[in-house]
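Position 257 (the sequence shown) corresponds to 274 in the working numbering; numbering is contiguous. Each residue gets a CB set at the ideal place from its N, CA and C atoms; glycine is no exception. Quick notes on the structure that follows.
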Amino acid sequence: MGIELENFMCHKKLRLNFNVEDNNCFYIIGPNGSGKSALFAGLNIGLGGTGRSNERGKTLQSYIKDGKSDARIRIFLSNKGDYALANFDEVIVIERHIMEKTALFTLKTCTSCGGRERIVSKKKAELDMLLEQFGIELENPLAWLSQDRCRQFLQQMKPEKLYQLYRKTSEMDSTDLVFQSIEAHFDEFCKILDSLDAEKKAREDNYLRMKNRHKAARDIKDKKVERQRLLWYQFWAPIRDNNIQINEISSEICSASTKKEDALTQIEQHMDAKNKLIKKGQSLLPQRDEELKKSKQHYDKIMEIKRKVLELRLEITDLEREVQKKKRQKTVLDNDLGEANAKLAKIIGEYSRTQEELKKSKQHYDKIMEMKRKVLELRLEITDLEREVQKKKRQKTVLDNDLGEANAKLAKIIGDSNRNITEEKQSLEEQCAEIAHQIASIEEDRAPKSSLQQEVNRKYLDKKKQLQDQSSELHRLERQKQQLHEEHNMIARSKVNRLALFGAEMPKLTQLIHANRTMFRRLPIGPIGNSVKLNDQKWANAVELHLKKMLSTFICDSSHDRTALDEICRLNGIKSPEIITAAFTDTKFDISGKEPPHEFLTIERVLDDIEPTIYNVLVDMNYVECTLLVERDDEARNIMYPHPPQNVSMAITQSCSQVYPARGRQPYRFFASHGQFHSRALAHRFLAQDPSTIVAQIRQIEQEILEKDIAKNKSEQHVRAAANALSEVNAAVSEFDRQLNQLTERRNSAEDELQKLDQLLFSGERIDNLQGAIREASRQRAICLGHLDEVHTKYTQKLEEQNEAKQRIGEAERKAAYLKNNVNQIESDIESCSKQQEKIAEKVQDFETVSVRQQNKITKLEEAIAELQSENTERQESIASMNLAPEHEEFPPDFGKIPPTAELQHNLKHIEQFIKLEENNHEPVPTIEDLKKKADDYKKFKEDHGVWARRKQKLMEMKNCRKRRFNLLKASLPQKIANDFMDNMNMRGFKSSLSINDERQLVEIRVEQPGECSNDAQADDDDGIEGGGGAQRRTGRDRRGGAAAPGTSSKRILQDLRGLSGGERSFTTVSFVMALWSCMESPFRCSDEFDVFMDPVNRRISMEMLARMAMERKHTQFFFFTPQSIMEMKNDELQIEVFELKRIAGLLGVGQGGDEEEAEVEELAEEQENGQK
């Protein structure tokens, strides 16, 4: 409504009242120095602006009028309409008192301008609230366009600067910051709500625990009755199972009897067929025998003739060959024999000569022996032809052996001819006897030492084995002690936080993950073992052995979350766990067709209600759907070999043994469990252990270790003593063995020498024998020549007999061929019958085997039924004698009511554990009142928690809605600004475009000129901006290719702002500012000297556009400060109010002209107050 300045800059006292009822566009005009900019700054500072932001001074004190100690600004605002503030009257007065050291705010109110004012507040916060209520933005550069800002705006219309201005004036930056703050506060709210979730869960668990305790105390009597009934059923369950087994065995007996009868029927049928074939074969036998008899007679005759012919042929052939050969060799042998006799006589005569002559004669002797060998070979051949000389053949063999020995030892005979062999032999025999006596003596002394060695060695091995056993036992106790320590520490940690079962640092890691949940896109799942539950605890050991490290593994949805988890571990000094990256899902893998038959139990089938993501990881990494669970080792081996079930990778037994089937190149393998593996993470009994029991076990083991250590030290001393004694005995025995070896070598050497001497003694006798053999050979030669003539005569006779035999053979062969054909036909028929009989016999044997097998099976099954019936009878008698039937139970009970044995044992075990747990539970039983109070507390907390959860959901919806609306506004605002800008530019006939690029952070403005501009006024304006805009325009044209060609002067060219004149650029700037103003929500628009670079035409059009914009926006006030006249605005439709300020004379000398000059300034100020038009 008005502003009042006192001692502010050049104004001593100034008061302007604005007619806001009729106008909302105000022009403050006046020459330079009239205080327009001071009024602009006062309006901003009076509302709470800073001195630096108004570009007239660095501090507020620099705005105080020279010579004055303080300044005062009073601004009057209207408080009418729908948005009026309740604690203010119709007029709000904002007073700012600026002093040399401080500045004070005072908020006042009154019913009308000039009325009585009352103070509302002196707090800066109240002023800030008021400004926020009215939407007044003191730091928005577009709402407060000072002189310097307008000049910079005109001169620096760079795309990046325009984008910064667009972001700031449209409040996009501040809105982004607000949304970031909202997100941060919402995340903090979510964390608080999560903590409430945890508290709600804790309260719920506490309430349920009390409720269960109260219920268990009431139900323990019913459980004991149920236990008695189940125990009664347990006595009868084996009888029921035996009856079922008896029925199954009876079915098997019926099936076996049927198979046996079928086999006997088949045997009878095949035996009938066999008898028919036997009769047929017997009818063929007489015919075959008759034909064979005839054939045999002819065959015998033929063979007899052939034998005789063959004998004749052999005799003739041999005789012919030998006659010719002997004739050729006869002369050669005669000559060689004469020469050999001569040479032998010569060698024997020279034998006693010198050693050198004997060596020379050795060669002649070899030749003689060779000749003798040839003579003997010829003699053998002659003996083969004539059976009468067999005796000579044996002699020849003896001679050959003697000649061989003579040749081999001829060198020895020649070399030892001058030795006294008898004396040497006697000396060697004496030496051998002496050595034998020494050996016997040493062996006699060695015998006790050897016995002592064996005894000492046995004791040493016993002591050593005892020491090894003690060491093994000591190591076993140490490992057991360490394992118990680990279990004790783990139980202690796990009772504080169950996650400690998967690692000492696992609780801390999970807390860090939840504390830094904003680092993850989706919170990791883990450890996996915390989510794995079994529907049967007896398989806990086998399942945990198979999963191993997988239980402490985490699953991350993406590599980003995995990196974040590793970073958390690194920053907190925690060893990173095993991490698997797998996309989170709500659907489990379809394993139908990929798992074993349903009669086999697998790990996947004992997992209880597991999350899909964890389920898929276990299927993919550990093949839980293909891993069998078997109770006994032998049963697992029978299943996996030799024909394992389909889709089975391995089997694990209840004792943790592992069996792998033969697949491809992998053989069948069985790994027995040598040490019992105990489950910790999956077995409930692990945490149920009493720590004091474990401590007692540790102490007992420590005592055993101490005792074992003492015994081990004693055993080590015994072993060292035994080793020393063994070393001494071994040394003594080794010395005896060394002496025996030396004597044995000497004895063997002497015996070898004796053997050589014996050979030399017999060499002379052998020479005499050789001479006798030669003489005998000559005599036998003469006999051979006589036999040769006889052989030749026999040869001629045999040739004649051979020709006669050939004729008889031809006739017999023709008749034998005919008989042979008949026999072959009969034998073929007999052979066919025999084969059929053999096949029938094989089938009969197979059916007999089946029959015997089924009979054996029936016998065994009947024996099994008898045993089961006997066992049932004994059990019934035993149960009847014990008289354990509970009340209201039949004897015997209805077997249909008895559950399966496994289920019965499981239920009984569960009830026993429940009763034991409740009997050992010394926790006080809550009363009904305590339980009701706890339920009320939990219900109230749950209701409060539900209220906050609904508020969270509502807040999330509101936040998302605002975010969507802001994104919609953010997307539509650039287009609206561009449309408004093009409409404003179209007022001058300019075709333009404006694009806001958020990625590149640019605002690009392009304008199409209507033609080449030659206006003098424009040229003058161009010369006034940075050395002349016209030169810039021409330079721009030169860059585009020089002057325009003829005929193209009217062509429109799209160009950026650098090619525009100063006036055109100013008009473009105003159009851009107006487009931004159309998107702003601020009660004030202030612009100081926006038109200083405009030509009259552009200025007039711009001012009319601003005035019309003000008319369209009645709720916004526009203040324009200009040094130029606005007389050209003659349109009466425009609703504007003009204030004219006169130049303040001697402005630069204020405070130096004395009282007269000061009075003159006051008069000018009063005139300016009355300058309203």
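Keeping to the same chain, check which residues put their C-beta closer than 6 Å to that of GLU1154; ignore five residues upstream and five downstream. ASN36, ASN40, PHE43
Can you list, in chain order, the residues of its chain with a C-beta nearer than 6 Å to that of TYR180? Leave out the 5 residues immediately preceding and following it. GLN1018, LEU1019, VAL1020
So the alpha helix (DSSP H) ALA1194 belongs to, where does it begin and stop? Residue 1194 cannot be examined here, being either before or after the span of the chain that is shown, 18 to 1190.
Sorted by chain position, which residues of the same chain lie with C-beta nearer than 8 Å to TYR477's C-beta, five sequence neighbours on each side aside? VAL736, ALA739, ALA740, ALA742, LEU743
For GLN717, which of helix, strand or coil comes out of DSSP? helix
How would you label TYR80, buried or exposed, when you count the other beta carbons within 10 angstroms and need 16 or more for buried? buried
Would you identify the three-state DSSP class for SER95, choosing helix, strand or coil? strand
Once DSSP output is grouped into helix, strand and coil, what is the label at MET1144? coil
Nearest by alpha-carbon distance to ALA668: which of GLY681, LYS837, GLU642 is it? GLU642
Name the DSSP beta bridge partners of MET116, please? Paired residue(s): ASP87.
Sub-7 Å separation of GLN283 and ILE843 beta-carbons: no
CB GLY19 to CB ASN34, shorter than 7 Å? yes
Please classify GLU154: does DSSP put it in a helix, a strand, or coil? Assignment of GLU154 by DSSP, reduced to helix, strand and coil, places it in the coil class.
Apply the 10 Å Cβ neighbour rule to ALA58 and answer buried if 16 or more other Cβ atoms are within range, or exposed otherwise. buried
Buried or exposed (CB count within 10 angstroms, at least 16 for buried), GLN1224: For residue 1224 there is no data in the structure shown, the boundaries of the chain being 18 and 1190.
Which first and last residues belong to the beta strand (DSSP E) in which ALA1127 is found? For ALA1127, no beta strand (DSSP E) segment is defined; the enclosing uninterrupted segment is the alpha helix (DSSP H) at 1113 to 1129.
If distances are taken between C-alpha atoms only, which option among GLN720, LEU645, LEU294 comes closest to THR12? Only positions 18 to 1190 of the chain appear in the structure, and residue 12 is not among them; the question remains open.
When we look at the beta-carbon of LEU985 and count the other beta-carbons within 10 Å, is it buried (16 or more) or exposed? exposed
Assuming ILE45 and ILE62 make a contact with CB atoms under 8 Å, what is their CB distance in whole Å? Incorrect: roughly 16 Å between the Cβ atoms, too far for contact.
I'd like to know whether the C-beta atoms of ILE136 and LYS125 end up nearer to each other than 7 Å. Yes, they are a contact pair.
CB contact flag (PRO48, ARG1160, <7 Å): yes
With 16 other Cβ atoms within 10 Å as the buried cut-off, status of GLU561: buried
Could you pull out every residue in the same chain whose Cβ sits closer than 8 Å to the Cβ of GLN854, ignoring the five residues on either side in sequence? Residues LYS291, LEU294, ILE295, GLY298 of the same chain have their beta carbon placed closer than 8 Å to that of GLN854, with the five preceding and five following residues left out of the count.
C-beta contact flag for THR598 and SER576 at 7 Å: yes
Assigned secondary structure, VAL634 (DSSP; H/G/I helix, E/B strand, else coil): helix
Which residue wins for smallest C-alpha separation from PHE864, given the options GLU828, PHE1138, GLU278, ARG686? GLU278
Which residue comes first and which comes last in the alpha helix (DSSP H) that contains LEU1011? Boundaries around LEU1011 are those of the beta strand (DSSP E), 1008 to 1014, since no alpha helix (DSSP H) includes it.
Take every Cβ of the stretch 539 to 547, pair it with every Cβ of the stretch 478 to 498, and state whether three or more of those distances are shorter than 8 Å. no
If you count every other CB in all the chains shown that lies within 10 Å of the CB of GLN471, and 16 or more means buried, which is it? exposed
Outcome for TYR100 when other beta-carbon atoms lying within 10 angstroms are tallied against a minimum of 16: exposed
Return the CA-CA distance between ALA600 and THR630, expressed in angstroms with no decimal places. If I take the Cα positions, the gap works out to 8 Å.
Go through the stretch 707 to 752 residue by residue and report every complete run of the alpha helix (DSSP H) that reaches 4 residues or more, in order. none
Taking all protein chains shown into account, decide if ALA120 is buried (16 or more other Cβ within 10 angstroms of its Cβ) or exposed. buried
Please name the residue or residues paired with PHE206 in a DSSP beta bridge. DSSP, once it has assigned bridges, lists no residue as partnering PHE206.
Between PHE252 and ILE896, what straight-line distance do the alpha-carbon atoms span, to the nearest angstrom? 7 Å
Length of the line joining the Cα atoms of SER191 and ASP1105: 25 Å
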